[in-house]
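Numbering-wise (the working numbering), the sequence shown opens with residue 431 and increments by one. Every residue, glycine too, gets a C-beta built ideally from N, C-alpha and C. Being a predicted model, the structure only gives us computed values, none of them experimental.
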Amino acid sequence: AALYHRDRTGQGQFIDLSQSETTINLLGTDILEYTANGAIPPRQGNRSRDYCPHSAYPCAGDDRWCAIAVSNDEEWGQMCKAMARPELARDACFATDEARREHEDELDELISSWTRQRDAWDVMRTLQNQGVMAGVVSDLEDMTTRDPWLPGNHLVPLSRDDEDITFATHAQPAHLEGVSPTLRRAPRLGEYNEEVFKELLGISGDEFVQLLIDEAIY
């Protein structure tokens with residue numbers, strides 16, 4: 431909008447972008463709901479007023495989780511198939527979105543009893559194959575070794591010149607077409623002392639050696 435205004439009027443714009451105001455936009459309709467009806471929404475945790483079920487569910491292993499979101503009754507039916515529990519799609523307590531919300535605690539426990547027995551990645555793939563939104567709550571090992579997208583798209587290799595060791599770090603979030611970012615290590619302590627002292631400061635070879643002997647430099 432600021433660029434459009436500049437092109438139309440020739441006048442630039444000062445953009446005031448507050449971090450707190452930006453975050454407030456994540457509240458959705460909560461402020462409108464309060465100012466219109468005086469309603470203060472309860473704490474939701476991982477639940478949603480739009481989707482049910484909607485949470486992060488425990489999986490096999492230590493602190494392993496998979497986030498699952500069902501947006502309509504059709505997706506719920508697909509999830510029931512994935513869990514090998516098709517009868518739940520016809521259960522009066524869970525057949526509709528309204529019914530699932532009324533029995534959300536029971537529903538979450540049913541789903542958790544299924545996910546606890548399975549690897550988080552297996553849960554994710556099984557549900558995604560049925561058209562249900564699901565994603566592993568990834569730790570760093572997941573992100574760097576098991577994620578099918580991140581290592582090849584958002585990690586940059588970083589190696590040491592004199593050692594057969596390769597590390598990786600995250601790339602910049604903005605990707606430019608046709609540009610592959612590369613990273614070099616930072617200089618080691620004193621690595622370029624000889625070049626700096628001799629070529630930039632004009633110190634002779636003998637003087638440089640004496641500084642090393644005196645441990646004035648390294």
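Candidates Gln560, Tyr464 and Trp551: closest to Glu571 by CA position: Trp551
Where Thr599 falls: helix, strand or coil (DSSP): strand
Burial state of Ala604 (16 or more Cβ within 10 Å): exposed
Straight-line Cα distance separating Asp549 from Ala512: 14 Å
Proximity of Gly561 and Glu505 at Cβ, strictly below 8 Å: yes
Sufficient close CB pairs (3 or more, under 8 Å) joining the stretch 448–464 to the stretch 517–528: no
Nearest-angstrom Cβ-Cβ length linking Ile541 and Tyr487, presumed shorter than 8 Å: 5 Å
Whether Glu534 touches Cys489 by CB criterion (8 Å): no
Own chain, CB closer than 8 Å to Gly491, minus 5 neighbours either side, in chain order: Asp549 and Ala550
For Val566: DSSP bridge partner residues: Cys496
Unbroken alpha helix (DSSP H) run spanning Ser450, endpoints: Gln449 to Ile454
Distance between Cys496 and Trp544 (C-alpha atoms, nearest Å): 12 Å
Rounded separation between Ala616 and Glu536 - CA only: 55 Å
Simplified DSSP state of Pro578, which is helix, strand or coil: coil
Range covered by the alpha helix (DSSP H) that runs through Tyr434: Ala432 to Thr439
Distance between beta carbons of Leu585 and Ala598, contact taken as under 8 Å: 4 Å
Given Arg555 as reference, the closest of Gln474, Val566 and Gln547 once Cα atoms are compared: Val566
Close Cβ partners of Ile633 (< 8 Å) along its chain, the five nearest in sequence each way excluded: Phe627 and Leu641
Test item: CB-CB of Ile498 and Ser485 under 8 Å: yes
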